[in-house]
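See below for the structure under consideration.
Residue numbers (the UniProt record's numbering): 1 to 81.
What follows is the structure, encoded as structure tokens:
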């Protein structure tokens with residue numbers, strides 16, 4: 001009887017260990033998926049930042065062109081006077 005109890009206890013412990021291993025594996029898989037999603041989001045954010053920087057650079061170019069144009073117009077007006 002005592003041996004049966006020991007055997008049952010060992011089997012229960014093994015089952016618990018297997019269940020814990022399965023849970024750990026599932027958690028690892030979830031962690032991997034979350035990490036992949038985070039990386040995708042990070043990549044998307046980087047792309048957005050690059051696009052924003054490009055837009056800002058384009059805006060700066062336009063501003064510079066407008067400024068140069070205004071300067072030219074002022075010079076012309078002065079010359080005409």
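C-beta atoms are modelled at their ideal positions from N, C-alpha and C, and glycine is treated no differently. Since the model is a prediction, treat every value here as computed from it, not as a measurement.
In the three-state DSSP reduction, residue 81 falls in the coil class, being neither helix nor strand. Non-local C-beta neighbours of residue 74 in its own chain, meaning closer than 8 Å and more than five positions away in sequence, are absent.
Residue 19 carries a helical assignment under DSSP once its states are collapsed to helix, strand and coil.
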